[in-house]
Amino acid sequence: MAAPRSVVVETGSWILDRSDEEERNGESPSGKKLKADKFPLSRWEFAAALGVFLVFSTGLLCIYITMPAAEYQMLKLPRTLGDLRLLKDHLATYAGLHPAKFILGYCSTYIFMQTFMIPGTIFMSLLAGALFGVVRGLFLVVFNATAGASSCYFLSKLIGRPIVNWLWPEKLRYFQAEIAKQREKLLNYMLFLRVTPTLPNLFINLASPIVDIPFHIFFLATVIGLVPASYITVRAGLALGDLKSIKDLYDFKTLAILFLIGSVLLFPTLLKRKRISE
């Protein structure tokens, strides 16, 4: 009588049979891996992230409840240009009557969104241009974007590695290799990344502490590098009624200008590479 498959160890079929049995029971190694891959954070990492989120949310709620009750119905995050135009019309009067409260609420919301990677900060930048003009609007946007990016940097330092490895493993390896090449001119390279849309700002914020970019380099590159794109967005807010689509903000001409500025910032790095090669 033929030996049961489960005891034929010599041929290695026991391993296969064990896999077959686990698959039937829903416990295959691949199944376990998929289960593990579904959520990258450990219990403690998740608790830390939730704690930070609750602290930020509580602060935002405290600011929200100090606003006049009549204004609550006007407040919502815009998701379309139509929403943004309505919000701008409502908030223009409120910003005039309560400038300090409005700026506090605006800054808190922007930083909250940037910290926790909530989409829609581009609408907040357009709103700054529409309500405050180019100079004050640009200052507000750069300040909030830098504060939010810095907050995201430290949050990622705490719990970001498993998330980035889970979402963008290939992109993270590429970024790490590029950072290793650019160590001596890291500020120039980070400025290039901030000015140009080579890598999403969200990814840069999360991945920077993981690939050991010092915070002072990250901070300087963010403050300076966000100015060109922020200027374009804030200035577009002045003509909010004429804007048909968010895509119109970054047409070919605009992208070409951003890449030109980025290339100028990257030039010292390229020049040093050439000298070394010679």
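In terms of full-length UniProt numbering, the sequence shown is numbered consecutively and its last residue is 278.
Ideal Cβ positions, reconstructed from N, Cα and C, are used throughout, including at glycine.
Per DSSP, reduced to three states, the secondary structure at K101 is helical. Of the residues assessed, Y94 falls on the buried side of the cut-off, its CB having 16 or more other CB atoms within 10 angstroms. Rounded to whole angstroms, M117 and L97 show a C-alpha spacing of 31 Å. In the displayed model, R183 falls within a helix according to three-state DSSP. Between T233 and S125, the gap from beta carbon to beta carbon is short of 7 Å. Considering only W168, G133 and S108, the residue with the shortest C-alpha distance to A147 is S108. In this structure the stretch 128–137 does not touch the stretch 185–201; the number of beta carbon pairs closer than 8 Å is below three. Nearest neighbour of L226 by Cα position, chosen from A236, F203 and V142, turns out to be V142. Across the set L238, S263 and P209, the C-alpha of L238 shows the shortest separation from the C-alpha of L84. For the 7 Å CB-CB criterion, F252 and T196 do not form a contact.
Non-local C-beta neighbours of L243 in its own chain, meaning closer than 8 Å and more than five positions away in sequence, comprise L81, L126, A236 and L249, ordered along the chain. For V164, the enclosing alpha helix (DSSP H) has its first and last residue at T121 to L167.
A check of alpha carbon separations from T115 across L91, P169 and A49 identifies A49 as the nearest. For S42, there is no enclosing alpha helix (DSSP H), as DSSP marks it with neither H nor E. An exposed status is given to T198, since fewer than 16 other beta-carbon atoms sit within 10 Å of its beta-carbon. Under the three-state reduction of DSSP, R235 is assigned to helix. M190 carries a helical assignment under DSSP once its states are collapsed to helix, strand and coil. Ranked by Cα distance from G120, the options I65, A145, L104 and L138 are led by A145.
In the displayed model, S208 falls within coil according to three-state DSSP, outside both helix and strand. Under the 10 Å beta carbon count, V264 is surrounded by fewer than 16 other beta carbons and is classified as exposed. By the criterion of a C-beta distance shorter than 6 Å, G137 is surrounded in its chain by A128, G129 and V234, once the five residues flanking it on both sides are discounted. Burial check for F46: the Cβ neighbour count within 10 Å stays below 16, so the residue is exposed.
In the three-state DSSP reduction, I213 falls in the coil class, being neither helix nor strand.
Proximity of the stretch 201–210 to the stretch 163–179 meets the contact definition, three or more beta-carbon pairs being nearer than 8 Å.
A direct Cα-Cα distance of roughly 12 Å separates I111 from G59. Counting the other CB atoms within 10 Å of its CB gives T222 a total of 16 or more, which places it among the buried residues.
Minimum Cα-Cα distance from G241 among the listed residues L61, G51, S57 and D89 corresponds to D89. A residue is called buried once 16 or more other Cβ atoms fall within 10 Å of its Cβ, and A229 is buried on that count.
Note on G51: under 16 other CB atoms within 10 angstroms of its CB, so exposed under the neighbour-count rule.
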